[in-house]
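> Sequences listed follow chains A and B, in order. So for the first sequence, my numbering puts the first residue at 1; every next one is plus one. So for the second sequence, my numbering puts the first residue at 156; every next one is plus one. We put the CB at the ideal spot given by N, CA and C, even for glycine. Computed from a prediction, not measured in an experiment: that's the story for all the values here. Shown below is the structure under consideration.
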Amino acid sequence: MKVEYINPFYKATLDVFRIMLNLDVQRGQLRAVEELAPVSEANVVIGVTGDLRGSLLYSFPKEMALEMVTTMAGMPMSKLDAFVCSALGEVANIISGNAVTMLASSSLACQISPPQVFIGTQGSLSMATEKAIVVPLITPIGTFEVSVSLSSPQG
Amino acid sequence: MWKEHYRIGSELIDSQHHELFDRVASFIRAVQEEGAWEERLDQVQATLEFMKEYVVIHFNDEEALQREIGYPGLEKHAAVHAAFREEIRQFAQRVEEEGFDEEKVQEFAARVMTWLIMHVGREDQRIGEFIRSQGGQQ
Ligand SMILES: [Fe+2]
Ligand SMILES: [Fe+2]
């Protein structure tokens with residue numbers, strides 16, 4: 001798992017948060033973990049295949065998730081229902097898609113799978129075969145984390 | 156949902172975007188309101204029907220504008236429009252076959268909302284930048 005793979009995710013988050021939410025994002029201290037594990041309530045998992053393989057986990061605190069969708073929809077959201085969860089899944093999907101496009105400009109062609117959303121902090125995702133790097137992303141409405149576990153099959 | 160900074164400098168396109176955001180907002184309201192699903196269904200159905208047609212009109216008008224001003228990204232932009240038009244068509248067809256399932260409609264509303272914000276907020280803004288770079292023609 002190379003640290004170079006991280007920057008596109010930060011840049012894509014910066015872009016997408018500015019356009020969708022008019023919010024600034026700052027990067028917190030990176031850390032390495034053994035497995036992908038949710039730290040907050042609202043989680044999105046996205047698989048990556050191609051020149052890099054692995055998974056991405058986006059973990060949002062509940063209040064932040066609700067605030068994000070409230071801002072986008074222009075109306076108050078009070079529960080993590082199918083609408084809110086799908087919107088979060090889409091945001092993670094857009095960020096991942098943009099990040100993967102940036103990786104492609106360094107000649108790494110990857111595809112992403114549709115987002116899967118789950119609620120709760122129970123368990124870890126066993127699909128991670130490689131260490132993950134967790135990127136805390138600090139915004140005025142809360143901090144969420146993106147865990148990136150990607151490796152090149154060619155080594 | 157509509158923001159003044161979404162304006163690209165074409166009166167027709169700006170008013171269509173405004174209308175689209177307003178309709179998506181009322182779609183979300185209908186989808187998210189408290190109360191029996193059956194009672195909100197009429198509104199949901201009507202908005203979906205409207206969206207299906209309005210998106211086609213808007214995409215055509217926006218592509219015509221791009222052609223008129225010689226916008227260099229037309230082909231790519233039109234392909235993005237076509238993909239989304241197809242997505243709406245498929246959803247409408249699925250609803251016809253399987254009926255309006257509340258959760259499926261909620262998911263669809265979220266998809267339309269995020270798509271519209273990203274597309275108007277990014278891709279369509281590039282048309283505005285081009286118009287401004289050409290000295291503000293319509
Ligand atoms: Fe548009
Ligand atoms: Fe467009």
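Please report how far the alpha carbon of B/Gln293 lies from the alpha carbon of B/His172, in whole angstroms.
Only weak support is given to the placement of B/Gln293: the predicted model assigns it a pLDDT of 48, under 50, and the question is left unresolved by the model.
> Thinking A/Arg27 and A/Val148 are a contact (beta carbons under 8 Å), I'd like their distance in whole angstroms, please.
Contact flag wrong, Cβ pair sits at about 13 Å.
> Helix, strand or coil: which one does DSSP assign to A/Asn43?
Three-state result, A/Asn43: strand.
> Going by DSSP, name the residue or residues bridged to A/Glu145.
A/Ser59, A/Pro136
> Below 8 Å, how does it come out for the stretch 2-22 of chain A and the stretch 112-124 of chain A: are there three or more Cβ pairs, yes or no?
no
> Going along the chain, which residues of its own chain have a beta-carbon closer than 6 Å to the beta-carbon of A/Gly50, five neighbours each way excluded?
Only Ala109, Cys110, Gln111 meet the Cβ criterion.
> Pull up the distance between the alpha-carbon of A/Ile141 and that of A/Asp24, whole angstroms please.
Separation of A/Ile141 and A/Asp24 (C-alpha to C-alpha, rounded to the nearest whole angstrom) is 10 Å.
> Looking at A/Met213: is its Cβ nearer than 8 Å to the Cβ of A/Met20?
Within the shown structure, residues of chain A are numbered from 1 to 155, placing residue 213 of chain A beyond reach of any answer.
> With a 10 Å radius around its C-beta and 16 neighbouring C-beta atoms as the bar for buried, classify B/Ile282 as buried or exposed.
buried
> Any heavy atom of ligand 2 within a distance shorter than 7 Å of the CB on B/Asp279?
yes
> Does B/Met206 have its Cβ less than 8 Å from a Cβ in chain A?
no
> Among B/Ile168, B/Arg195, B/Ala237, which has the Cα closest to the Cα of B/Asp256?
B/Arg195
> Just the chain A side, please: which residues come within less than 9 Å of B/Leu180 by C-beta, in chain order?
Going by the sequence as given, residue 180 of chain B is Ala instead of Leu. The contacting residues are Ala73, Gly74, Met75.
> When the distance is taken between beta carbons, is A/Ser86 closer than 8 Å to B/Gln248?
no
> Quick test of your reading: B/Val186 and A/Phe17, contact by CB under 8 Å. State the CB separation rounded to the nearest angstrom.
That pair is no contact at about 24 Å.
> Considering only heavy atoms of ligand 1, does any lie closer than 7 Å to the CB of B/Glu204?
no
> Taking Cβ-Cβ distances shorter than 8 Å, what residues in chain A pair up with B/Val186?
Phe83
> Does the distance between the C-beta of B/Val275 and the nearest non-hydrogen atom of ligand 1 fall short of 7 Å?
yes
> Any contact between the stretch 43-59 of chain A and the stretch 168-183 of chain B? By contact I mean 3 or more CB pairs, one from each, below 8 Å.
A contact is defined here as three or more CB-CB pairs under 8 Å, and the stretch 43-59 of chain A fails this definition with respect to the stretch 168-183 of chain B.
> Select from the stretch 256-272 of chain B all residues with a C-beta closer than 7 Å to any C-beta belonging to chain A, and list them in chain order.
Glu258, Gln261, Glu262, Ala264, Ala265, Arg266, Met268, Thr269, Ile272
> Quick check: what's the CA-CA separation for A/Leu22 versus A/Leu137?
Checking the sequence shown, residue 22 of chain A turns out to be Asn, not Leu. Whole-angstrom Cα-Cα distance: 15 Å.
> Anything in chain B within Cβ reach of A/Val91, meaning under 7 Å, just list it in chain order.
Thr269
> Quick one: which chain B residues come within Cβ less than 8 Å of A/Ile94?
Thr269, Met273
> Would you say the beta carbon of B/His160 is closer than 7 Å to some non-hydrogen atom of ligand 1?
no
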